[in-house]
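Residue numbers (the numbering used here): 7 to 191.
Note that CB positions come from ideal geometry on N, CA and C, so glycine has one too.
For clarity, every value in this text was computed on a predicted model and none was experimentally measured.
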C-alpha cells in the first residue's frame, strides 16, 4: 500500500477475527515502531505483546470507556499491544513530558504498519493503569500509555467525516486559515 492509502484506510476497529497474527507481519510492525524517533534518541517506551487469554481478560476489565465495545475488542482480537514508558528515561521541557510524545509516535508507527499488513487496531487510552500494570508485572516506574487490540478485521465502520482544513490548520498566524491558495501566495 502507498503511504497516503495507509493513512486514509486506518480506522478504529473493534470487531476482529481470532486468527493468530502472522509472525513475519508482526516482526515488520515491531520494526516500524522501533524506527520511530524519540526525544534525544532515549527510547523511553517498550511494547508488551499479549496473546494469552487470561491476561487479555484482565486487560479488557481495565478499559474505562463509556460502552463495552473497546473491552470486547480486547477479548475478540488474537493479540493486544500495550505501550509503556519510563518518564525518567525521557525528558521534560516546560512541563511537557516527552515520554508521552515518544510513545505516541512509536504507537502510531505500529498502528500504521498494522494497517499496511491488513490488520485492524483501535487506540485505547482510557484505562485502569494499575490493573494493567499488576496483570503484566510492569515495574512501578513505568506508565501505561496506550493499548491496542490487533487482528484481522471482521467489521469496520464508516470513517468520521474529513476535517475541514481551515478549522485546524493556519498559515503564519492564528487568524489566517490555511488553504491551498494561501500556501501558494
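Check                                                                                                             : Outcome
For residue 46, the residue or residues it bridges with in DSSP                                                   : Answer is none; residue 46 lacks a bridge partner.
Minimum length 3: unbroken beta strand (DSSP E) runs contained in the segment 146 to 178                          : 149 to 161
In chain order, each alpha helix (DSSP H) run of at least 4 residues that lies wholly inside the segment 45 to 96 : 59 to 67, 75 to 82
Beta bridge counterpart(s) of residue 103 as assigned by DSSP                                                     : 98
At least three beta-carbon pairs within less than 8 Å, the segment 26 to 40 to the segment 126 to 142             : no
Residue 89 vs residue 109 beta-carbon contact at 8 Å                                                              : yes
Span separating the alpha-carbon of residue 187 from that of residue 181                                          : 15 Å
Residue range of the alpha helix (DSSP H) that includes residue 125                                               : Element bounds for residue 125: not the alpha helix (DSSP H) but the beta strand (DSSP E), 125 to 127.
Nearest neighbour of residue 59, chosen from 125, 20, 82 [CA to CA]                                               : 82
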